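K.L.:
Dumping the structure here so I can ask a few things about it.
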Amino acid sequence: MAVLRPYARAEDNPVDVLLVDSRRLVRQSIQRLLSDSDFLAVTGEAASCDEAIRLARTCQPHVVILNLPGANVDVLDGARKLGRQFPDIRVLVLADEADIIIQERLLQAGVAGCITSSCSLEELISAIDAVLAGERYLSDVLAKKLAERRLPGQSISPFDQLTHREMQILLLVVEGKNTRSIARELCLTQKTVNGYRNRLLEKMGVDTEVAMTHLAVLEGLIRIPHLS
Numbered sequence: 000m001a002v003l004r005p006y007a008r009a010e011d012n013p014v015d016v017l018l019v020d021s022r023r024l025v026r027q028s029i030q031r032l033l034s035d036s037d038f039l040a041v042t043g044e045a046a047s048c049d050e051a052i053r054l055a056r057t058c059q060p061h062v063v064i065l066n067l068p069g070a071n072v073d074v075l076d077g078a079r080k081l082g083r084q085f086p087d088i089r090v091l092v093l094a095d096e097a098d099i100i101i102q103e104r105l106l107q108a109g110v111a112g113c114i115t116s117s118c119s120l121e122e123l124i125s126a127i128d129a130v131l132a133g134e135r136y137l138s139d140v141l142a143k144k145l146a147e148r149r150l151p152g153q154s155i156s157p158f159d160q161l162t163h164r165e166m167q168i169l170l171l172v173v174e175g176k177n178t179r180s181i182a183r184e185l186c187l188t189q190k191t192v193n194g195y196r197n198r199l200l201e202k203m204g205v206d207t208e209v210a211m212t213h214l215a216v217l218e219g220l221i222r223i224p225h226l227s
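Each step along the sequence shown adds one to the number in numbering that gives the first Met the number 0, with nothing skipped, and position 225 is 224.
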């Protein structure tokens, strides 16, 4: 397959890419696609954002491709940490069209671009090209969805008002984590976590965390896998 070379890199200076996805098969598939070019070099693979941060210190990639299989704290926090610790590395997120709330959060956190996980190889190359040139890149369908959320008359999602910490705890709650686990993961006291949990119920206008989880599903923040 013929693939256009990004103009942002010299021919004798390939673009180093770090792939991040919890699914090994997906990482291998993306690596094989990128290996069709002679100007992209996958210098590392990571199953989590924490692992990616450790690898980034040694392989020093130009671009991190972060595949987003669903809304989770690892992705939300990992993208922020990558941006803060490695400001010269461009983070490009592959996301599902339905994950629009998390994508907007990621863009606010400083990721260089978001494209749909169903994109073509040509679009992926174009996105890499754009972010290396210092531009922001959004696939057309994601840009349209983000714009529609801001149109007059559109109802505002209750999740838009959440702080980063509140979003962290919300995502962990809907994953089924208990207060002790959340406190340990976020280095908070259990009392503080319980305070956030109560505040979330109030902000969401619901009485139970089951209702809050249902609201998260309705708003597209999380998805329930279909059972065959």
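For every residue, glycine included, the Cβ atom is placed at its ideal position computed from N, Cα and C. This one's a predicted model, so the numbers in the text were calculated from it and none came from an experiment.
1) If you measure between the beta carbons of Ile100 and Gly175, is that distance less than 8 angstroms?
2) Mind the definition here: the segment 13-21 touches the segment 57-76 only if three or more C-beta pairs lie below 8 angstroms; say whether that holds.
3) Run through the DSSP bridge pairs and tell me what Ile114 is partnered with.
4) Would you kindly check if the distance between the Cβ of Tyr195 and the Cβ of Glu165 is under 8 angstroms?
5) May I ask you to report which of helix, strand or coil DSSP gives Leu217?
6) So what does DSSP say about Asn66, is it helix, strand or coil?
7) Would the beta-carbon of Leu171 fall within 8 angstroms of that of Ile181?
8) Looking at the structure shown, is Glu103 part of a helix, part of a strand, or coil, going by DSSP?
9) When the Cα atoms are used, what is the spatial distance from Glu201 to Asn193?
10) With the cut-off set at 8 angstroms, would you say Cys118 and Leu137 are in Cβ contact?
11) Just how far apart, CA to CA, sit Gln84 and Leu54?
12) If you draw a straight line from the C-alpha of Glu208 to the C-alpha of Val173, how long is it?
13) Report buried or exposed for Gln102, applying the criterion of at least 16 other Cβ atoms within 10 angstroms of its Cβ.
14) Could you check whether Ala111 and Arg89 sit closer than 8 angstroms to each other, using their CB atoms as the reference points?
15) Is Leu24 helix, strand or coil by DSSP?
16) If you drop the 5 nearest sequence neighbours on each side, which residues of the same chain put their C-beta closer than 6 angstroms to that of Val29?
17) Which parts of the segment 27-85 are runs of the beta strand (DSSP E), unbroken and 3 residues or longer, counting only runs that do not cross its ends?
18) In whole angstroms, what separates the C-alpha of Arg135 from that of Ala129?
19) Along the chain, where does the alpha helix (DSSP H) containing Asp128 start, and where does it finish?
20) Taking just the CA atoms, how far does Asn177 sit from Arg56?
21) Are Arg26 and Glu44 close, meaning C-beta to C-beta below 8 angstroms?
22) Name, in chain order, the residues that DSSP records as bridge partners for Leu17.
P.N.:
Walking through what the data contain:
1) no
2) yes
3) Leu93
4) yes
5) helix
6) strand
7) yes
8) helix
9) 13 angstroms
10) no
11) 12 angstroms
12) 8 angstroms
13) buried
14) yes
15) helix
16) One detail in the question is off: residue 29 reads as Ile in this sequence, not Val. These residues qualify, in order along the chain: Leu18.
17) 39-45, 62-67
18) 7 angstroms
19) 120-131
20) 33 angstroms
21) yes
22) Gly43, Val63
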